Each structure stands twice: as structure tokens, then as C-alpha cells.
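A.B. asks:
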Ligand SMILES: *Cc1c(COP(=O)(O)O)cnc(C)c1O
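In the working numbering, the protein residues as written are 23 to 253.
#1: Pop quiz: residue 182 and residue 148 are said to be a contact at Cβ under 8 Å. What is the actual Cβ separation, rounded to whole angstroms?
#2: I need the straight-line Cα distance from residue 209 to residue 201, nearest angstrom please.
#3: How big is the Cα-Cα spacing for residue 238 and residue 124?
#4: With a cut-off of 8 Å, do at least 3 Cβ pairs link the region 218-238 to the region 184-203?
#5: Would residue 33 be called buried (16 or more neighbouring beta carbons within 10 Å of its own) or exposed?
#6: Write down every uninterrupted run of the alpha helix (DSSP H) in the region 62-140 whose length is 4 residues or greater and which is fully enclosed by it, in chain order.
#7: Measure how close the beta-carbons of residue 255 and residue 213 come, nearest whole angstrom, since I'm counting them as under 8 Å.
#8: Nearest to residue 83 by CA position, among 95, 49 and 115, is which residue?
#9: For the alpha helix (DSSP H) holding residue 142, just list the boundary residues, first then last.
#10: Measuring CA to CA, which of 217, 64, 243 and 88 is closest to residue 229?
#11: Give the C-beta separation of residue 143 and residue 126 to the nearest angstrom, bearing in mind that I take them to be a contact with Cβ-Cβ under 8 Å.
#12: Taking only heavy atoms of ligand 1 into account, decide whether any of them is closer than 8 Å to the Cβ of residue 136.
#13: Please name the residue or residues paired with residue 3 in a DSSP beta bridge.
#14: When DSSP builds the beta bridges, which residues end up paired with residue 55?
#15: Would you mind working out which of 139, 60, 187 and 39 sits nearest residue 107, comparing C-alpha positions?
#16: Which residues does DSSP pair with residue 7 in a beta bridge?
Spelled out as C-alpha cells, the structure:
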């Protein structure tokens, strides 16, 4: 068994155990393997262990990797999620090469992604990144502005608004970790109450995936616990 396949199994067990404690069906939780800084070989090792969905932060690195994996292993049918900051001059390549984008926080970016999504592909799945801790990091829409952004995006023809994403500040313990995830869940419920049809909470990383699952995560984005420390 490769180290990556062992790690994947351990992460899946953590998710299953957290789901069971929360009386949730583990099938409702997608494990997104965050492969940034790791090469095509690491993606292939994870794919050979059954992993299908991969997350990337840096566009050029991601495009090189997607092409390399496809050349090496045309048999693998993988799903690619863009989870990093988006520059507006990069939206075309994101729209052409990804299945999901988790980091939309401006209408202008959403408009461009919709305009540039190729007609031959299904609508691009979108999560709105929310600045849930009000932290110094400038990424993410403020919680009070999410509903307006969601309404604007729901009308774009080549996008499918799926839900919310957040990267809270690191917290000391499980209880503290749960708080921002709970706020994101409540914000999603507010949107649903206002008629916005969403089904996704993208939250939780290596250090806090159990807390995120306890609060309703439907996608957990895990890098280090699968691939090891990044250099
Ligand atoms: C890097 C990254 C992850 C994975 O983080 P780990 O701590 O390595 O699991 C998840 N989400 C985003 C947005 C990231 O940038």
C-alpha cells in the first residue's frame, strides 16, 4: 500500500467517524484531495486508490498537472476543483478546465466565468467564498453581502450556484473550530430561506475536518493529511 493510499484511508475513516457522531450519512460528504504543490504522480497514486476529486489553488500549476495526468493516464476520469484566489484575466482558463470553482467572491468574476464557460461543457459549479471569521485575509465576500451576490449569480446561465465555502482562521480546539463552520451553515440556511437553492458547504481542511463535518460540511478539502507536508 502506498503512503498516499494509507493516508487516504485514514482520512476517510476520520470523516466516517465524524459523520457517524453527527448522525450523518457519509455518502453526503465529498472528500476533495488538495494536490497543490504535488506532482502528477501524487494525483495518480491517489486516483489509483479510488480518489476522484482534486483541488488546486494555482492556475498554471493546475493546468500543467491536468494535462500531464491526462497524457499519462487517459483512463482516469477525474473531477477538478479550483479553490484559489482568482485574477480576472485567468477566468477563461478556469472556465475551460475545471468542474467546480469554490472561491468566487465578486460578481465580475462570476459574470466572466459564465460568459467564458464553453457551450459543450455542463454549467460550472460555483461556491461563494465567505469571509466568515472577518479575518485579516482579504478573500471572501462579507456575510452581509452574500445574499445579494447569490441572487446576482443565480441568474447567470452557464453557472450553477451550489453553495458556500470558507477558510476560517485556525482555532485551538474542536469547540472553537466548530463556531465559524456553524455560522457558515446558518448563513446557507438563510439563503435557502430566501429562495436560493443551494446544497453545498465546502468547509474543513486537514486540521479541522471533523469539526466541519459535525457542522454539516458536504465537501471537505484535505491536502496535508493525504499528500504530506508542502515545501
Ligand atoms: C491548501 C488548501 C486546503 C488544504 O489544506 P490542508 O491543511 O493541507 O489540508 C484546503 N482549502 C484551501 C482553500 C487551500 O488553499
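Note that CB positions come from ideal geometry on N, CA and C, so glycine has one too. Note that this is a predicted model, so its numbers are computed, not measured.
C.D. replies: On the basis of the coordinates in this document:
#1: Taking the Cβ atoms as the reference, residue 182 lies roughly 7 Å from residue 148, within the contact range of under 8 Å.
#2: Their backbone Cα atoms lie some 12 Å apart in a straight line.
#3: Rounded to whole angstroms, residue 238 to residue 124 spans 17 Å at the Cα level.
#4: Contact holds: three or more Cβ-Cβ distances are below 8 Å.
#5: Counting Cβ neighbours within 10 Å, residue 33 comes out buried, since at least 16 surround it.
#6: You should have 62-70, 81-94, 113-119 and 129-138.
#7: Any property of residue 255 remains undetermined from this structure, which presents the chain solely from 23 to 253.
#8: By alpha-carbon distance to residue 83, the top candidate from 95, 49 and 115 is 115.
#9: Residue 142 -> no alpha helix (DSSP H), and no H or E assigned at all.
#10: Ranking the options by Cα distance to residue 229, first place goes to 243.
#11: Cβ-Cβ separation between residue 143 and residue 126: approximately 17 Å, too far for a contact (criterion under 8 Å).
#12: The closest heavy atom of ligand 1 lies 8 Å or more from the beta carbon of residue 136.
#13: Outside the modelled stretch of the chain, which goes from 23 to 253, sits residue 3, for which no answer is possible.
#14: Paired residue(s): 76 and 244.
#15: Per the C-alpha coordinates, the member of 139, 60, 187 and 39 positioned closest to residue 107 is 187.
#16: What is shown of the chain runs 23 to 253, which leaves residue 7 out entirely.
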